[in-house]
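Numbering-wise (our numbering), the sequence shown opens with residue 11 and increments by one.
Even glycine gets a Cβ: it sits at the ideal position worked out from N, Cα and C.
Right, one structure below, let's go through it.
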Amino acid sequence: MPKKIYYSAMQHDKLIVPWQTDDRSILNILKRYHDVVLVKLKGDIKYSLDDLIDLGDLYVYKQQTLDDFMNEKTCGSVYLDSAFTLIDELEGYPIRNDFGPIYLATALAQKLKLSKKLSHILITAFITSLNHNLFDSLECFYQKDWDEFDKKFLNKLVEEPYQAPSFKDREVKVQFKKYTDYSLVAKAFQDLYQLNKIHEIKFSLANLQLKQSFELIQMALKMDNFFK
């Protein structure tokens, strides 16, 4: 059965706006206030809002800001080490002088607790998707510990389209344990593609797949304030 989704924002354990389906209104609140939590209410479309409050599923997404990510507890982590390494490697390439996406991808990699190898693949793929002139130089970013599958996986990630597939019928999920982490990286990459469009009118919270991506909404919204 189709699902209905409502959003709101919470501050000091209280909702500060009514439940609503308008993404943009909620995004504006997250952009204006620092200590706000995003909340989502999801349930069957047959129920009214009042019924959903009792019967629906409630999701709470505490927001991580760039300040939080760059604090002293985070600095020196293997995730930031990967980010700094990639920034150094990119110095010789004509790319946009915008390191915000690198830090956004790094923050998501840390939240997902990805390995150093998969973190590097995720960040490299995301930056390449934003700078198509890197396509021909992709092999230069391969690491010594990568096998052939890792290289092919990175090459596949940067092939368009970047958005997650949509299913008209009920989705059938088949998981191969060996590649579970790679599947997670693919979803993270697709979510980063969506977060990068957060200022566009067509952006929709419904297109995000991972809980950890919802926790980076505020960081994505305010990234331009740090990197101009």
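Item to check | Delimiting residues of the beta strand (DSSP E) encompassing M20 | outcome: From DSSP, the beta strand (DSSP E) with M20 extends over 13-21.
Item to check | Continuous alpha helix (DSSP H) stretch holding Y192: start and end | outcome: In the DSSP assignment, Y192 falls within the unbroken alpha helix (DSSP H) covering 190-205.
Next on the checklist: Can you look up D50 in the DSSP assignment and give me helix, strand or coil?
Outcome noted: First, the amino acid is wrong: residue 50 is Lys here, not Asp. In the three-state DSSP reduction, K50 falls in the strand class (E or B).
Next on the checklist: If distances are taken between C-alpha atoms only, which option among A198, K232, I39, L62 comes closest to I131?
Outcome noted: Looking at the Cα atoms, A198 is the closest of the given residues.
Next on the checklist: Please identify the residue among W156, K121, L65 whose C-alpha is closest to the C-alpha of Y89.
Outcome noted: Answer by Cα proximity: K121.
Checklist entry - Is K127 helix, strand or coil by DSSP? => result K127: helix per DSSP, three-state reduction.
Next on the checklist: Which of the three DSSP states is assigned to Q74 in this structure?
Outcome noted: Q74: coil per DSSP, three-state reduction.
Checklist entry - Closest by CA to L51, which one among Y189, I63, E225, S125? => result Of the candidates Y189, I63, E225, S125, the one whose C-alpha sits nearest the C-alpha of L51 is I63.
Item to check | Close beta carbons around T138, own chain, < 6 Å, minus the five adjacent residues each side | outcome: If the five residues before and after T138 are omitted, its C-beta is found closer than 6 Å to the C-beta atoms of L144, V168, all from its own chain and listed in chain order.
Checklist entry - Nearest-angstrom Cα distance between Q74 and W29? => result So the two alpha carbons sit approximately 22 Å from each other.
Item to check | Local conformation of E82 per DSSP, three classes | outcome: In this prediction, E82 has a pLDDT of 49, which is less than 50 and means its spatial position is unreliable; what the coordinates show is noted afterwards. Reduced to three states, the DSSP call for E82 is coil.
Item to check | Which listed residue (Q153, Y16, I211, N165) has its alpha carbon closest to that of D54 | outcome: Ranking the options by Cα distance to D54, first place goes to Y16.
Checklist entry - Applying the criterion that 16 or more other CB atoms from any shown protein chain within 10 Å of the CB defines a buried residue, is Q173 buried or exposed? => result Looking at its Cβ environment, which holds fewer than 16 other Cβ atoms inside 10 Å, Q173 is exposed.
Next on the checklist: Is the separation between the beta-carbon of L48 and that of F224 shorter than 8 Å?
Outcome noted: In this structure, L48 places its C-beta atom within 8 Å of the C-beta atom of F224.
Checklist entry - Looking only at C-alpha atoms, which of P111, N235, N165 sits nearest to Q204? => result For Q204, the closest alpha carbon among the candidates P111, N235, N165 is that of P111.
Checklist entry - Quick one: what's got a C-beta closer than 7 Å to L220's C-beta in the same chain, skipping five residues either side? => result K197, A198, D201.
Checklist entry - Considering only C-alpha positions, which residue in the set K127, I211, L226 is nearest to D7? => result Residue 7 lies beyond the range of the chain shown here (11 to 238); nothing can be said about it.
Item to check | Span of the alpha helix (DSSP H) around I39 | outcome: That run of the alpha helix (DSSP H) goes 33-42.
Item to check | Neighbour-count burial assignment, V70, 16 or more Cβ in a 10 Å radius | outcome: Flag for V70 reads exposed.
Item to check | DSSP bridge partner residues for D67 (one or two, in chain order) | outcome: Assignment of beta-bridge partners to D67 by DSSP yields K52.
Next on the checklist: Give me, in chain order, the residues of the same chain whose beta-carbon lies closer than 8 Å to that of D191; leave out the 5 immediate sequence neighbours on both sides.
Outcome noted: If we look at D191 and ignore the five residues flanking it on each side, its Cβ neighbours are L124, S125, L128.
Checklist entry - What residues in its chain sit with their C-beta under 8 Å from that of V46, if we drop five residues either side in the sequence? => result Sequence-distant Cβ neighbours of V46 in its own chain, meaning closer than 8 Å and more than five residues away, are A19, M20, Q21, I26, I39, L40, Q73, Q228.
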